[in-house]
Every structure is written in C-alpha cells, then in structure tokens.
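Colleague: One structure coming up, written as structure tokens, with questions to follow.
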Amino acid sequence: MFLERFIQYIKFEKRYSPHTVAAYQSDLDQFIRFLQSDQPVTHPSEITHHHIRSWMVTMMDDKIIARSVNRKIATLRKYFKFLVQEGVITVNPTAKINTPKIPKKLPVVVEDIKLAKMLDDDSVFNTDFKGLRDKLVIELLFGTGIRLAELLGIKETDINQYEGTVKVLGKRNKERIIPVNTELKRLLTDYVELKKMQNFDNNSLILIVTDKGANAYPKLIYLIVHKYLSYISTQNKKSPHVLRHTFATALLNNGADLNSIKELLGHANLSATQIYTHNSVERLKSIYKLAHPKA
Numbered sequence: 001m002f003l004e005r006f007i008q009y010i011k012f013e014k015r016y017s018p019h020t021v022a023a024y025q026s027d028l029d030q031f032i033r034f035l036q037s038d039q040p041v042t043h044p045s046e047i048t049h050h051h052i053r054s055w056m057v058t059m060m061d062d063k064i065i066a067r068s069v070n071r072k073i074a075t076l077r078k079y080f081k082f083l084v085q086e087g088v089i090t091v092n093p094t095a096k097i098n099t100p101k102i103p104k105k106l107p108v109v110v111e112d113i114k115l116a117k118m119l120d121d122d123s124v125f126n127t128d129f130k131g132l133r134d135k136l137v138i139e140l141l142f143g144t145g146i147r148l149a150e151l152l153g154i155k156e157t158d159i160n161q162y163e164g165t166v167k168v169l170g171k172r173n174k175e176r177i178i179p180v181n182t183e184l185k186r187l188l189t190d191y192v193e194l195k196k197m198q199n200f201d202n203n204s205l206i207l208i209v210t211d212k213g214a215n216a217y218p219k220l221i222y223l224i225v226h227k228y229l230s231y232i233s234t235q236n237k238k239s240p241h242v243l244r245h246t247f248a249t250a251l252l253n254n255g256a257d258l259n260s261i262k263e264l265l266g267h268a269n270l271s272a273t274q275i276y277t278h279n280s281v282e283r284l285k286s287i288y289k290l291a292h293p294k295a
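Using full-length UniProt numbering, you'd call the opening residue of the sequence shown number 1 and step up by one each time.
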C-alpha cells in the first residue's frame with residue numbers, strides 16, 4: 001500500500017520519467033524481497049538502519065558495484081523521506097547510512113580533431129537517406145552534447161532554423177534550447193527534405209527515424225555511433241555518451257566557462273560539470289611532459 005502511494009507520488013506529482021519510475025520500483029521491490037526472505041517486517045516503522053546496512057552488505061557480497069548500491073540507497077532515502085512526510089513513520093532509517101565511495105573515472109572521449117576531420121570527409125558517409133541520417137546522428141551528439149534519450153525525443157518542430165537552435169527535453173522534463181553550428185543547420189535542412197522524399201508510411205514527426213521510417217530506438221543509435229567511432233578510435237567504449245563527453249571537453253579546452261557548459265549539457269548543478277576539468281588537467285600534464293625540458 002505504502003509503496004503504491006509512493007510510486008503514484010513520483011509518477012504524477014513529481015512527474016518523473018517512466019524510466020526513472022521503473023528504476024525506483026525495481027529497487028524497492030528488491031529491498032522488500034530481501035526483507036521478506038531475511039528479516040520479515042509488517043510495517044515501514046519496523047525497518048531500521050540495521051536492515052538497510054544488512055542489505056548493502058548482501059549486495060556488495062553479490063559483487064554489485066558501488067555505483068549501483070548507492071543508487072538503490074538513494075531510492076530508499078527518497079522513499080522513507082516520503083513516508084516521514086506522510087506521517088507513516090517518524091524517523092528516516094537511512095539517516096545513519098553511509099554509502100560506499102565511488103572511485104572517480106575520467107570521462108572517456110575521442111580526439112575532437114579526428115572526429116571533426118571524419119565528419120568533413122565526404123567519402124565516409126553515403127549520400128542516401130541512411131548515410132545522411134547517420135551523419136546527422138553523429139553531428140547532433142557531438143555538436144550539441146545532448147543525451148541519447150534527448151536525441152530520440154527531438155521532433156522536426158523542435159528545430160528553429162531561423163534562430164539556429166534545437167529544443168530538447170532533458171531529465172525531469174526540463175526543456176532547454178541549444179544553439180547549432182552552421183554546418184549542422186544545413187545538414188538538418190537537407191535531412192528533413194530527404195526524409196519527406198522517402199514517403200514513409202507513418203510519416204513520423206520524430207526527427208531521427210529508421211531506414212523504414214519508424215521512430216529510432218537506442219540500439220540503432222549505439223550501432224551508428226560505434227560504427228563511425230571505430231574509424232577514428234581503438235578504445236573499447238564507443239557510445240553516444242562518449243560524444244557528449246567529447247563535446248564538453250572540447251568546449252572547456254577551447255575556453256568555454258563551466259557555467260555555460262553546465263547550461264548546454266542540462267546539468268542540475270555545477271559539480272556534475274566539474275568532472276571535465278580533470279580531463280583538461282590531464283591534457284595539460286601531457287603537454288607539459290612533452291614540451292618542458294625538466295619534465
């Protein structure tokens with residue numbers, strides 16, 4: 001009963017995305033199954049920080065990574081905070097919980113100069129609809145830094161050719177306007193015109209579509225990105241998010257301030273954007289080692 005009320009709360013009052021709601025539901029279902037199998041409780045007020053710590057130990061014994069453990073505990077924090085607000089419990093049992101530290105990993109990027117050179121090479125992409133769509137996918141991800149879900153949600157009406165901008169719907173249904181470069185503006189115009197000429201049956205208003213005109217899906221975008229990044233990079237990770245990281249790192253390396261990058265990426269706070277400064281520091285270190293006689 002309490003869980004259902006919470007799910008309704010985040011779905012309709014907080015207006016979380018279906019993906020986020022599903023993740024919360026899954027985390028809470030896992031916790032409830034753990035309680036039922038190990039230390040059964042009949043009411044949320046019976047749950048203590050000992051139960052939660054025991055669940056954390058079980059997950060870590062099962063080799064679940066720290067990032068996933070932290071996400072599940074964050075779900076519990078949200079759930080018990082809701083129960084306190086509703087008057088179901090008086091004490092939040094997650095208050096005494098310390099989550100495991102996550103080792104910081106530098107964002108994986110590709111060389112922006114190589115990427116730009118590939119995009120300018122007319123021999124890389126075919127001139128048919130599929131080739132133009134593939135090029136637009138890479139150009140949009142690298143040229144705007146948008147997330148995969150944001151790319152898939154762009155409609156033709158979200159493009160403002162006069163202003164030279166594209167509107168995207170980010171996390172928590174927050175809209176933001178992102179400028180596009182001249183080359184990307186031209187490519188968007190060419191693609192939309194060619195898309196209309198295909199006479200697809202469903203005539204989808206979603207910008208990126210499959211070869212048959214259906215709305216594009218995540219796996220298709222991953223395949224496209226992996227294919228073209230393989231031309232310029234031997235690293236294992238070749239995902240749409242690598243292009244987002246490359247976009248942000250390129251801006252920082254060329255003098256953009258963190259607040260501007262934060263707004264372009266749609267980050268909720270500056271701390272999420274600051275990770276890119278580490279890439280810049282590493283770049284400076286490598287330049288120093290190559291150039292300085294004392295290095």
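Ideal placement from N, C-alpha and C gives every residue a C-beta, glycine not left out.
#1: In chain order, which continuous runs of the beta strand (DSSP E) of length 3 or greater are located wholly inside the segment 152-184?
#2: Just to check my reading of the structure: Ser192 and Glu150 have Cβ atoms closer than 8 Å, yes? What is that Cβ distance to the nearest angstrom?
#3: In chain order, what residues of the same chain have a beta carbon less than 7 Å from the beta carbon of Gln198, not counting five sequence neighbours either side?
#4: Taking only runs of the alpha helix (DSSP H) that begin and end inside the segment 18-49, which ones reach a length of at least 4 residues, in chain order?
#5: Since Thr94 is in the alpha helix (DSSP H), which residue starts that stretch and which ends it?
#6: Helix, strand or coil: how does DSSP classify Ile102 here?
#7: Going straight from the alpha carbon of Arg176 to that of Arg147, what length do you get?
#8: Please work out which residues of its chain come closer than 7 Å, Cβ to Cβ, to Asn279, disregarding the five sequence neighbours upstream and downstream, and give them in chain order.
#9: What is the rounded straight-line gap between the Cα of Ser68 and the Cα of Ala22?
#10: Identify whether Val84 lies in helix, strand or coil by the three-state DSSP scheme.
#11: Whole angstroms is fine: what's the gap from Tyr24's alpha carbon to Tyr16's?
#12: Just to confirm, are Thr42 and Pro93 a CB contact at a threshold of 8 Å?
#13: Checking the sheet assignment: what are the DSSP bridge partners for Ile206?
#14: Would you mind reading off the limits of the alpha helix (DSSP H) that contains Pro218?
#15: Tell whether a beta-carbon distance below 8 Å holds between Trp55 and Phe31.
#16: Whether or not the segment 246-262 and the segment 155-174 are in contact is what I'm after, with contact meaning three or more pairs of Cβ atoms, one per stretch, closer than 8 Å; do they touch?
#17: Please check the pair Arg244 and Gly145, which I expect to be a contact at CB under 8 Å, by giving their CB distance rounded to whole angstroms.
#18: Does DSSP put Asn126 in a helix, a strand or coil?
#19: If you reduce the DSSP assignment to three classes, tell me which class Asn253 lands in.
#20: Could you tell me the alpha carbon to alpha carbon distance between Phe247 and Pro218, rounded to whole angstroms?
#21: Do you know whose CA, among His19, Lys196, Leu3 and Ile102, lies nearest Asp29's CA?
#22: Cα-Cα, which of His51, Asp120 and Tyr231 is closest to Leu76?
#23: Sort Asn203, Leu229, Lys174 and Leu152 by Cα distance to Lys14 and report the nearest one.
#24: Buried or exposed for Leu290, going by 16 or more other Cβ atoms inside 10 Å?
Modeller: Result, derived from the coordinates:
#1: Scanning the segment 152-184 from its first residue to its last, the whole beta strand (DSSP E) runs of 3-plus residues come out as 165-169 and 175-179.
#2: Along the sequence shown, one-based indexing puts residue 192 at 192. Along the sequence shown, one-based indexing puts residue 150 at 150. In the sequence under discussion, the amino acid at residue 192 is Val, which differs from the Ser named in the question. Incorrect: roughly 18 Å between the Cβ atoms, too far for contact.
#3: Within the sequence shown, the letter at position 198 stands for residue 198. The residues are Phe129 and Gly213.
#4: 18-38
#5: Stepping through the sequence shown from its first residue, residue 94 is reached at position 94. Where Thr94 is concerned, there is no enclosing alpha helix (DSSP H), given that its DSSP letter is neither H nor E.
#6: Locating residue 102 in the sequence shown gives position 102, counting from the first residue. Ile102: coil per DSSP, three-state reduction.
#7: Locating residue 176 in the sequence shown gives position 176, where the first residue counts as 1. Locating residue 147 in the sequence shown gives position 147, where the first residue counts as 1. Looking at the two C-alpha atoms, the distance is approximately 12 Å.
#8: Against the sequence shown, residue 279 aligns to sequence position 279. Leu106, Pro107, Val109 and Thr249.
#9: Here residue 68 refers to the residue found at position 68 of the sequence shown. Here residue 22 refers to the residue found at position 22 of the sequence shown. Cα-Cα distance, rounded: 15 Å.
#10: Counted from its first residue, the sequence shown places residue 84 at position 84. Val84: helix per DSSP, three-state reduction.
#11: For this step, residue 24 is matched to residue 24 along the sequence shown. For this step, residue 16 is matched to residue 16 along the sequence shown. Answer to the nearest angstrom: the Cα atoms are 10 Å apart.
#12: As a working note, residue 42 is residue 42 in the sequence shown. As a working note, residue 93 is residue 93 in the sequence shown. Not closer than 8 Å, so no.
#13: Within the sequence shown, numbered from 1, the residue matching residue 206 stands at position 206. Ile206 is bridged to Lys155.
#14: By 1-based counting over the sequence shown, the position of residue 218 is 218. Per DSSP, Pro218 belongs to the alpha helix (DSSP H) from Pro218 to Leu229.
#15: Here residue 55 is taken as the residue at index 55 of the sequence shown, counted from 1. Here residue 31 is taken as the residue at index 31 of the sequence shown, counted from 1. In contact: Trp55 and Phe31 (Cβ atoms closer than 8 Å).
#16: no
#17: Position 244 of the sequence shown, counted from the first residue, corresponds to residue 244. Position 145 of the sequence shown, counted from the first residue, corresponds to residue 145. Right, the Cβ-Cβ distance comes to about 5 Å (below 8 Å), so this counts as a contact.
#18: Working through the sequence shown from its first residue, we reach residue 126 at position 126. Here Asn126 sits in coil by DSSP.
#19: As a position in the sequence shown, residue 253 is number 253, starting the count at 1. DSSP places Asn253 in helix when its eight states are reduced to three.
#20: Position 247 of the sequence shown, counted from the start, is the residue given in the question as residue 247. Position 218 of the sequence shown, counted from the start, is the residue given in the question as residue 218. Each residue's Cα considered, the two are about 20 Å apart.
#21: Locating residue 29 in the sequence shown gives position 29, where the first residue counts as 1. Ranked by Cα distance from Asp29, the first of His19, Lys196, Leu3 and Ile102 is Leu3.
#22: Sequence index remark: in the sequence shown, residue 76 carries index 76 (1-based). When each option's Cα is compared against that of Leu76, the closest is His51.
#23: For the purposes of this step, residue 14 is taken as the residue at position 14 of the sequence shown. It is Lys174.
#24: Walking along the sequence shown from the start, residue 290 turns up at place 290. The residue is exposed, with fewer than 16 neighbouring Cβ atoms inside 10 Å.
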